[in-house]
């Protein structure tokens with residue numbers, strides 16, 4: 002139970018202070034620290050990430066979702082092709098999916114041209130890749146449970162007759 006509570010809290014806020022986390026879940030700091038270290042060693046906790054709304058920065062960043070249809074590799078299934086794909090630094094994630102495609106790849110680049118070039122030159126030319134379909138993210142409304150576009154609130158006083 003301690004493990005699950007820790008995971009639920011740090012999934013939403015990985016920067017939470019250790020003492021605050023311990024109070025929130027009713028454990029000692031030492032218990033929380035030991036459990037987190039164990040989960041890191043076991044590969045349950047794989048990293049700590051910061052979510053950035055790139056639209057609010059002056060930096061250009063394009064994110065794409067690429068569906069990949071491929072042929073199975075004997076004795077490896079999709080693992081071998083997935084491993085080759087995730088070795089590229091542009092690739093953020095690779096998922097095995099159900100449906101008409103086999104893998105879903107997310108990647109980032111500075112421009113649509115850069116991402117398109119990666120797909121056409123590197124991804125679609127890989128052995129065992131039959132076809133790809135690229136979808137560019139135009140706007141993020143919610144990402145990893147966080148609403149990215151907050152509505153401006155009208156702070157004027159309402160006057161009624």
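In the working numbering, the protein residues as written are 2 to 162. Don't be surprised by glycine CBs; every beta carbon is placed ideally from N, CA and C.
Exercise. In angstroms, rounded to a whole number, what distance separates the CA positions of residue 48 and residue 40?
Worked result: Locating residue 48 in the chain shown gives position 47, where the first residue counts as 1. Locating residue 40 in the chain shown gives position 39, where the first residue counts as 1. In a straight line, the C-alpha of residue 48 is about 11 Å away from that of residue 40.
Exercise. What did DSSP end up calling residue 105 once you bin it into helix, strand or coil?
Worked result: Within the chain shown, the letter at position 104 stands for residue 105. In the structure shown, residue 105 sits in a strand (DSSP, three-state: E or B).
Problem set entry | Whole-number beta carbon distance between residue 111 and residue 61, since they are thought to touch under 8 Å | Translated into the one-based positions of the chain shown, residue 61 becomes position 60. Translated into the one-based positions of the chain shown, residue 111 becomes position 110. With 8 Å as the limit, residue 61 and residue 111 qualify as a contact, their Cβ atoms being about 5 Å apart.
Exercise. Taking the alpha-carbon positions, what's the residue 120 to residue 134 distance?
Worked result: Along the chain shown, read from residue 1 onward, the residue named residue 120 stands at position 119. Along the chain shown, read from residue 1 onward, the residue named residue 134 stands at position 133. Looking at the two C-alpha atoms, the distance is approximately 9 Å.
Exercise. Relative to the C-alpha of residue 142, which residue among 27, 8, 29, 53 is closest?
Worked result: For the purposes of this step, residue 142 is identified with residue 141 of the chain shown, where counting begins at 1. Checking every option, the nearest Cα to that of residue 142 belongs to 53.
For this session: Pull up the CB-CB distance for residue 124 and residue 69, whole angstroms please, since I reckon it's below 8 Å.
Result: What you label residue 124 is simply residue 123 of the chain shown in a count that begins at 1. What you label residue 69 is simply residue 68 of the chain shown in a count that begins at 1. With 8 Å as the limit, residue 124 and residue 69 qualify as a contact, their Cβ atoms being about 7 Å apart.
Exercise. What three-state label does DSSP hand residue 80 in the structure shown?
Worked result: What you label residue 80 is simply residue 79 of the chain shown in a count that begins at 1. In this structure, residue 80 counts as helix in the three-state DSSP scheme.
Problem set entry | Selected residue, minimal CA-CA separation from residue 128, among 67, 83, 37 | Reading the chain shown from its first residue, position 127 is the one you call residue 128. The residue with the shortest Cα to Cα distance from residue 128 is 83.
Exercise. For residue 216, which residues from the same chain have a beta carbon less than 7 Å from its beta carbon, with the 5 sequence-adjacent residues on both sides left out?
Worked result: The structure shown has nothing for residue 216, since the chain only spans 2 to 162.
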